[in-house]
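925 is the number of the first residue of the sequence shown in the working numbering; add one for each residue after it.
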Amino acid sequence: MMESQIPSNKAVTENELLTKGGACKSATVTLRRSPLTQRNAALAEIAQRLSSNTPLILESNHRDVVAAREANLSTAMIDRLTLTEQRIRGMATALEDLIALPDPLGVVLDSWTRPNGIQIEKVRVPLGVIGIIYEARPNVTVDAAAIGIKSGNGVVLRGSRSTLATNLVLVSLMQDSLESVELPRSSTELITDPSPSAARDMMELHGIIDVLVPRGGARLIQEVRRNARIPVLETGEGNCHLYIHQSASPSMAVSIALNAKTSRPSVCNAIETILIDEAWAEDHLGDLLIALHGASVECRCCEQTREIASRLLQGAAHPWLISASEEDYATEFLDLQVAVKIVSGLAEAVEHIARYTTHHSEAIVAEDSAAAETFFSAVDAAAVYHNASTRFTDGGEFGFGAELGISTQKLHARGPLGLPELCSYTYRIRGAGQIR
C-alpha cells in the first residue's frame, strides 16, 4: 500500500475503525458457531499460504526493514520486525500445533443440579472481539489471528508503521484463507492507520471491541493502561531476573545466563538483571563475566561486582564492566546489555526482585531445593523458574500451540495467553417449568 493510501485524518480513521470493527463483530456471530473442523481448515489453509507465499512475504518485509534502518530504529526493534524463511516456517509450524489442540469452545467447566431440579452448566465461550495494539513483530499478526480463529474470537489488529507492508500481505493471505473455507473475511481485520491517534481511538471502541491487548514496550503498555475505556489484558513488558544462589552449579548457571540473555535479547522473556550470591561470586563470577563478554554482552555492574571481578581477573582493565546506575535495575534493555548485582543471599534477591519486577518471568539457579521452594513461594510473577531459562515463557514452549502474549497481570488470565485464556464462560440453565 502506498503512503498516500494510508488514512491520515481523524474522520477517515474513525470510519475505518468503525467499519472494520463493526464488520469483525458481525463476523463473530458466524465464527463462534462454526464447527472445529472448519476453524482448523482455515488454520491449515493459512499455514499452506504462508509457505507458498514466502518470497512475497519476505519481499514486503524487506521494505519494512530498509525503512526501519533509514528511520534509525533500534537494533532490537529491527530484529523484532525482521522475518526469515526460518521464522516463517516457525509461524506455519505454530499453526499446525494449534490445529492439533482440542476445541476450547463448548467445554463444560462445571455442572450441578439444584434442589428444585434446575440443571446448571458452566460452559466455555469466546470473549468476542479482541483488539491488539502492537509494535513490530509481524509474527504476532499471524499468531493473534490464528488463535482468535481457533477460539472463535474476532481479531482487530493495529500494528506499527514499521511493519505495515508486511502486515498488509499477511492479513490479505489470512483473509483469503478464511474465505476459502467459507468463514467471514472480517473475522480478522487490520487497521491501516499507524498513527498514535488511531491507537487512541481504538482504545475507546467500547461496544465493538470486548478486550484490548497491548504488545510492546513499557511506553505502549502504559499508554493503553491510562487511556483505554475497554477492558485491558496487559502483556509484554519483561524486566526479568536470574538469581544465582550460592549452591548453583557453575556450569549450569553460566549456561542458563547466556541462553536467557543472548538467545534473542530483543524479546520480553530475556533476562535483564543477574543477581548473584556473594559466596558464589567469590569463586565463579569471573567465569560468568568472561562468558557474557564472549557473547558481546555489556555488563552494568554494582561496585561489589566490579571489585570481585578485578580480583578474579587479576586486576586487568575491563571497559565492558560498566558501573550500574539505579535506573539500570529498572530497565528492560531488550539488547545485549545486562545489569549484574551481588546480593547477600536469598532474602536480598527476593527483595530486589519485588522492587523491580514487572511480574513476567523470574528464575533461580540452585542445587538447594529448599531455597528453590522459598523462591517459588516468595516471588510474584507469571512464570517462576528453577534451573531453567526464562526463555521458555512462550505459548509454544508451554504446549499452547500459539499465544496472544504473556499476561503480567492477575485477572482474568496470567502468563501465556493460550486458547482457554481467550475464552469467557456462560451459565446454561435447563429447567422443566420451575418458577421462583
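Even glycine gets a Cβ: it sits at the ideal position worked out from N, Cα and C.
Legend entry - Residue burial classification, HIS1130 (beta-carbon count within 10 angstroms, cutoff 16): exposed
Inset, instruction - Taking 9 Å as the cut-off, decide whether the C-beta atoms of ILE1073 and LEU955 are in contact. - result: yes
Inset, instruction - Give the secondary structure of ASP1292 by DSSP, where H, G and I count as helix, E and B as strand, and everything else as coil. - result: coil
Inset, instruction - Look up GLU1113 in the DSSP assignment and say whether it is helix, strand or coil. - result: strand
Inset, instruction - Give the DSSP bridge partners of CYS879, in chain order. - result: In the structure displayed, the chain extends from 925 to 1360; residue 879 sits before or after that span and is not available.
Inset, instruction - Run the proximity test for TYR1058: is its beta-carbon closer than 8 Å to any non-hydrogen atom belonging to the ligand NAP? - result: No copy of the ligand NAP appears in this structure; indeed no ligand is present at all.
Legend entry - Local conformation of GLN972 per DSSP, three classes: helix
Inset, instruction - Identify whether ASP1125 lies in helix, strand or coil by the three-state DSSP scheme. - result: helix
Legend entry - Residues that DSSP places opposite SER1331 in a beta bridge: THR1159, GLY1339
Inset, instruction - Determine the direct distance from the alpha carbon of GLY1319 to that of GLY945, and round the result to whole angstroms. - result: 27 Å
Legend entry - Reference VAL901, options LYS1185, LEU1199, ASP1201, SER1110, closest by Cα: Since the displayed the chain opens at 925 and closes at 1360, residue 901 lies outside it and no answer follows.
Legend entry - LEU997 - DSSP class collapsed to helix/strand/coil: coil
Legend entry - Short Cβ contact (9 Å threshold) for ASN1193 with HIS1284: yes
Inset, instruction - Over the uninterrupted beta strand (DSSP E) stretch that includes GLU1345, give me the two end residues. - result: Run containing GLU1345: none; DSSP gives neither H nor E here.
Inset, instruction - Going by CA-CA distance only, name the one from GLU1231, ILE1168, ALA1254, ALA1290 that's closest to ALA1142. - result: ALA1254
Legend entry - Distance CB(GLU1128)-CB(LEU1081) smaller than 9 Å: no
Inset, instruction - Check whether the Cβ atoms of THR1197 and LEU1237 lie closer than 9 Å to each other. - result: no
Inset, instruction - Give every residue of the same chain whose Cβ lies closer than 8 Å to the Cβ of ASN964, excluding the five residues on either side of it in the sequence, and list them in chain order. - result: ILE1023, LYS1074
Inset, instruction - State yes or no: is the C-beta of ALA1295 within less than 9 Å of the C-beta of SER1171? - result: yes
Legend entry - Exposure of ASP1293, with buried meaning 16 or more beta-carbon neighbours within 10 Å: Note on residue identity: the sequence assigns Ser, not Asp, to residue 1293. Answer is exposed; the Cβ neighbour count stays below 16.
Inset, instruction - Check whether the stretch 1062-1071 touches the stretch 1079-1094, taking contact to mean three or more Cβ pairs, one atom from each stretch, closer than 8 Å. - result: yes
Inset, instruction - Identify whether ASP1287 lies in helix, strand or coil by the three-state DSSP scheme. - result: A quick correction: the sequence has Ala, not Asp, at residue 1287. Three-state result, ALA1287: strand.
Legend entry - Local conformation of ARG1143 per DSSP, three classes: helix
Legend entry - Collapsed DSSP secondary structure at GLN874 in the structure displayed: The chain is shown from 925 up to 1360; residue 874 falls before or after that span and cannot be answered.
Inset, instruction - Output yes or no for whether 9 Å exceeds the beta carbon distance between GLU1286 and CYS1164. - result: yes
Inset, instruction - Using a threshold of 9 Å, state whether the C-beta atoms of ILE970 and SER1121 are closer than that. - result: no
Legend entry - Same chain, Cβ closer than 6 Å to MET1001, five either side skipped, listed in chain order: ALA1060
Inset, instruction - With DSSP collapsed to three states, give me the class of GLN1261. - result: strand
Inset, instruction - Mind the definition here: the stretch 1211-1225 touches the stretch 1258-1265 only if three or more C-beta pairs lie below 8 Å; say whether that holds. - result: yes
Legend entry - Enclosing alpha helix (DSSP H) for ARG1279 [first to last residue]: 1270-1280
Inset, instruction - Drop a sphere of 10 angstroms on the beta-carbon of SER1190, count the other beta-carbons inside from all chains shown, and report buried for 16 or more, exposed for fewer. - result: buried
Inset, instruction - Could you check how far apart the C-beta atoms of VAL1209 and ILE1200 are, in whole angstroms? I think they sit under 8 Å. - result: Note on identity: in this sequence residue 1209 is Leu, with Val being the wrong assignment. The pair is a contact, with the Cβ atoms about 7 Å apart (cut-off 8 Å).
Legend entry - Cα-Cα separation between LEU1216 and ALA1307, rounded to whole angstroms: 24 Å
Legend entry - Segment limits, alpha helix (DSSP H) that includes ARG957: First-last for ARG957: undefined, no H or E at that position.
Legend entry - Completely contained alpha helix (DSSP H) runs for the stretch 1166-1204, where each covers 4 or more residues: 1174-1186
Inset, instruction - State the DSSP-derived secondary structure class of PRO1039, mapped to helix, strand or coil. - result: coil
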